[in-house]
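**Student:** Using our numbering, the letters of the sequence shown map in sequence onto residues 3 to 248.
The structure is given below, and queries will be raised subsequently.
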Amino acid sequence: MPFQAIEQQRLYRQIADQIEQLIRAGEFAAGGRLPAERELAKRLGVSRPSVREAMIALELSGLVEIRMGSGVFVTERSRSVAAQQNSVDRGPGPFELIRARKIVETETAALAAKERDDDHIAAIADSIDLMRREMALGTMTEEGDRLFHIRVAEATRNSALVYLVEAMWDWGRGEMWRAIERIAPQTVLRPTSLAQHEKIFAAIRAGDGQAAHEAMFAHLDTVESFFLAEAEHDTSRLSAAGGDAR
């Protein structure tokens with residue numbers, strides 16, 4: 003008998019499976035509302051981002067429906083989460099990726115501030131110009147945003163960092179990420195995001211590694227906070243924070 007590969011189950015998958023079992027055991031009836039994310043995180047001893055990822059996985063599997071401002075409700079459908087797992091779990095969860103990007107891209111920005119040359123500065127500036135044009139046209143494309151982070155990585159002159167940044171960006175544009183964006187559309191986030199990209203760029207252009215590190219962390223922290231915020235709070239949080247929200 004051949005050896006079978008051992009799969010290390012992601013934390014959010016473990017949470018989703020436990021909630022699925024409770025639903026199937028009748029602990030949460032069809033049409034009923036699940037406990038709030040903060041309460042679930044406390045009960046399970048995990049972070050709120052992991053609970054949010056689990057809720058999204060359960061929604062994609064058809065077991066729950068997320069209604070922003072109202073909560074998470076059990077649906078009438080009976081499709082198994084396990085049956086849907088292959089289509090949902092094709093990489094790290096969205097919040098896992100954001101936390102990883104905080105580690106990699108903050109150091110990348112700091113190094114870019116030290117290693118960049120005039121060509122790198124021009125390339126990063128072009129990516130910001132593309133972001134401005136996309137926002138002015140109201141398009142949903144993220145090409146300018148993606149290009150910005152890759153151009154910053156290229157300014158480090160380290161091909162491994164370029165590969166990592168590009169791979170993490172592309173991993174994060176799967177089914178679960180799109181589900182998050184449906185809950186909290188990025189159109190609200192974009193003006194703040196553009197201002198933060200400009201701040202990162204200014205620090206890199208000035209050769210200030212510490213400022214670039216801090217600006218990149220603030221930017222990624224805002225993304226995480228935005229997608230965790232309740233829908234009715236998103237606009238007020240961002241307008242109050244302005245360009246320094248993250």
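Glycine residues also receive a C-beta, built at the ideal position from the N, C-alpha and C atoms.
The structure presented is a predicted model; accordingly, all values stated were derived computationally and were not measured.
Tell me whether Glu78 sits in a helix, a strand or coil according to DSSP, three-state version.
**Tutor:** Coil, per DSSP.
**Student:** Would DSSP call Arg35 helix, strand or coil?
**Tutor:** Strand, per DSSP.
**Student:** May I ask which residues mark the beginning and end of the alpha helix (DSSP H) holding Val225?
**Tutor:** Gly211 to Leu230
**Student:** Measuring CB to CB, does Ala115 end up less than 7 Å from Asp19?
**Tutor:** Ala115 places its beta carbon 7 Å or farther from that of Asp19.
**Student:** Which same chain residues end up closer than 6 Å to Arg103 when comparing Cβ atoms and leaving out the 5 residues on each side of it in sequence?
**Tutor:** Met170 and Leu222
**Student:** Could you check whether the stretch 45 to 59 touches the stretch 217 to 231, counting it as contact only if at least three pairs of C-beta atoms, one from each stretch, sit closer than 8 Å?
**Tutor:** yes
**Student:** What did DSSP end up calling Gly146 once you bin it into helix, strand or coil?
**Tutor:** helix
**Student:** Determine the DSSP secondary structure at Arg12, reduced to helix, strand or coil.
**Tutor:** coil
**Student:** Rounded to whole angstroms, what's the CA-CA distance from Phe30 to Ala124? Just pull it up for me.
**Tutor:** 56 Å
**Student:** Look up Pro190 in the DSSP assignment and say whether it is helix, strand or coil.
**Tutor:** Sequence check: residue 190 is Val here, not Pro. Here Val190 sits in coil by DSSP.
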